[in-house]
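Peer 1: Before I ask anything, let me first share the structure, which is written out below as structure tokens.
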DNA sequence: TTCTGATAGTCAACAAAGTGAGTAGGTACG
DNA sequence: CGTACCTACTCACTTTGTTGACTATCAGAA
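Chains as they are written, first to last, in this note's numbering: chain A, 40 to 221; chain B, 40 to 221.
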């Protein structure tokens with residue numbers, strides 16, 4: 040239940056529908072986990088069947104009905120237990136890196152384009168994260184926030200995501216420069 | 040064929056057995072892809088069946104026989120085509136980040152330990168990468184290497200891996216300090 | 001001498017993750 | 001008035017990933 044724990048952690052932010060989570064797993068939660076809507080709906084069904092989350096149907100006037108999910112006490116417990124369990128080593132899977140590894144026999148122009156695409160994506164992500172950060176801080180100073188906010192987990196993971204995208208940007212620039220110089 | 044392309048790219052380094060690849064996917068290739076030996080053996084069978092790699096059995100005196108695989112022209116072509124194809128967005132999956140996200144309801148001591156473990160792992164990986172880098176450079180200056188070496192892909196991906204581990208170390212330190220201060 | 005760890009794999013079964021396509025209404029833009 | 005995108009979700013299928021065995025040999029340490 041790897042994705043499951045990520046979903047439980049996301050639900051700490053509060054009640055959410057599958058659709059909400061799909062957006063989150065494409066934005067804020069994407070710092071450390073990505074998942075498609077289909078995966079999320081399936082996982083939500085599983086978690087509900089296991090009693091770790093509870094869903095309630097909200098009828099809407101001008102929109103399809105939705106199911107809002109929230110953590111149950113059992114879900115909270117499961118999440119706490121997870122934090123205490125040993126974790127598997129991270130899995131990194133980046134097709135762009137495979138392409139760069141193979142660049143010497145590949146299509147240089149295509150790789151250059153792929154790098155540029157990644158640069159743009161990283162810059163966009165970083166800008167999004169920056170907005171999220173401002174929203175979390177809500178005017179407070181970072182040190183103050185880290186000392187006194189009730190929940191600092193989301194802020195810390197956000198910092199990791201920002202550093203990651205920053206590194207992406209710098210690395211891609213380096214690659215492009217190297218390609219240009221040869 | 041996501042893992043497949045990573046294997047093909049790894050085979051650019053030269054002929055390798057499943058066992059060699061298992062080590063590589065735990066060391067140098069781990070910058071951008073991780074896989075278990077079982078996955079690799081399965082993938083090697085598939086790639087061989089598809090004619091993208093060719094295996095030859097090497098009989099050994101004091102060791103079990105092994106199969107050494109190398110790229111076929113078709114494999115090279117496939118790899119080149121892959122570099123030109125659009126790639127899916129990266130997937131990040133890090134259980135430690137999930138734990139940190141949930142730290143406010145989790146077991147703080149356990150998370151602290153997990154962070155410390157990660158710190159040690161990252162330092163080890165970084166040291167390993169540094170050795171790899173020295174080996175690749177073989178005494179040459181980095182700028183010179185990037186301009187004149189035949190293959191620079193492996194060096195560039197290694198740089199990405201090093202930056203990633205460096206960032207891990209700094210982020211983990213930051214988290215530990217924050218935890219200590221609260 | 002027994003035991004651990006490294007080399008070099010193989011097999012089977014299952015669980016989890018990911019892809020592609022489809023449904024069905026709503027709103028906003030030009 | 002069309003069309004494109006947003007909300008909200010479902011089904012079918014394929015690919016990956018995980019677990020836990022099992023087979024062998026050799027080197028070095030306890």
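Idealized CB from N, CA, C, for every residue including glycine. On a predicted model such as this, the values are computed, not experimentally measured, just so you know.
#1: In chain order, what residues of the same chain lie with their CB nearer than 6 Å to the CB of residue 117 of chain B, ignoring the 5 residues before and after it?
#2: Relative to the C-alpha of residue 111 of chain A, which candidate in A:166, A:203, A:142 and A:46 has its C-alpha closest?
#3: Where does residue 107 of chain A fall in DSSP's three states?
#4: Residues of chain A with CB closer than 8 Å to the CB of residue 203 of chain B, please, in chain order.
#5: How is the beta strand (DSSP E) around residue 94 of chain A delimited, first residue to last?
#6: Could you tell me the alpha carbon to alpha carbon distance between residue 67 of chain A and residue 145 of chain A, rounded to whole angstroms?
#7: Between residue 53 of chain A and chain B, is any beta-carbon pair separated by less than 8 Å?
#8: Any beta-carbon of chain B closer than 8 Å to the one on residue 112 of chain A?
#9: Does residue 94 of chain B come within less than 8 Å of chain A when only Cβ atoms are used?
#10: Round the Cβ separation of residue 57 of chain A and residue 102 of chain A to the nearest angstrom and send it over; I've been treating them as touching at under 8 Å.
#11: Which of the three DSSP states, helix, strand or coil, is assigned to residue 131 of chain A?
#12: Inspect the CB distances between the region 77 to 95 of chain B and the region 202 to 210 of chain A and report whether three or more fall short of 8 Å.
#13: Please list the partners that residue 108 of chain A has in chain B, where partner means a Cβ-to-Cβ separation under 8 Å.
#14: Thinking C-beta only, is residue 217 of chain B closer than 8 Å to residue 191 of chain A?
#15: Residue 187 of chain B: buried (16+ other C-beta within 10 angstroms of its C-beta) or exposed?
#16: Are the beta-carbon atoms of residue 48 of chain B and residue 140 of chain A separated by less than 8 Å?
#17: Given a threshold of 16 other Cβ atoms within 10 Å of its Cβ, counted over all protein chains shown, does residue 220 of chain B qualify as buried or as exposed?
#18: What did DSSP end up calling residue 55 of chain B once you bin it into helix, strand or coil?
#19: Counting C-beta neighbours from all protein chains within 10 Å, is the total for residue 70 of chain B 16 or more, i.e. buried, or is it exposed?
#20: Any C-beta of chain B sitting closer than 8 Å to the C-beta of residue 142 of chain A?
#21: When you compare only the Cα positions, how much space is there between residue 158 of chain B and residue 100 of chain A?
#22: Report the rounded CA-to-CA distance for residue 199 of chain B versus residue 98 of chain A, giving the unit in angstroms.
Peer 2: Reading it off the structure:
#1: Closer than 6 Å at Cβ, skipping near neighbours: 91.
#2: The candidate whose alpha carbon is nearest that of residue 111 of chain A is A:46.
#3: Three-state result, residue 107 of chain A: strand.
#4: Per Cβ cutoff of 8 Å: 131, 203 and 206.
#5: Per DSSP, residue 94 of chain A belongs to the beta strand (DSSP E) from 92 to 97.
#6: Each residue's alpha carbon lies about 34 Å from the other.
#7: No, because no Cβ of chain B sits closer than 8 Å to the Cβ of residue 53 of chain A.
#8: At a cut-off of 8 Å between beta carbons, residue 112 of chain A makes no contact with chain B.
#9: For residue 94 of chain B, the answer is no, since every Cβ of chain A falls outside 8 Å of its Cβ.
#10: In this structure residue 57 of chain A is not in contact with residue 102 of chain A, their Cβ atoms being roughly 14 Å apart against a cut-off of 8 Å.
#11: When DSSP states are grouped into helix, strand and coil, residue 131 of chain A belongs to the strand group.
#12: Not touching, per the Cβ criterion.
#13: For residue 108 of chain A, there are no neighbours in chain B by C-beta distance under 8 Å, as the nearest C-beta there is about 16 Å away.
#14: Yes, they are a contact pair.
#15: Taking a 10 Å sphere around the C-beta of residue 187 of chain B, we find fewer than 16 other C-beta atoms and assign the residue as exposed.
#16: In this structure, residue 140 of chain A lies closer than 8 Å to residue 48 of chain B by Cβ.
#17: Exposed is the label assigned to residue 220 of chain B, since fewer than 16 other Cβ atoms lie within 10 Å of its Cβ.
#18: Residue 55 of chain B sits in a strand when the DSSP states are folded into three classes.
#19: Result: buried.
#20: For residue 142 of chain A, the answer is yes, since a Cβ of chain B falls inside 8 Å of its Cβ.
#21: If you take the alpha carbons of residue 158 of chain B and residue 100 of chain A, they lie about 51 Å apart.
#22: Roughly 48 Å between the two C-alpha positions.
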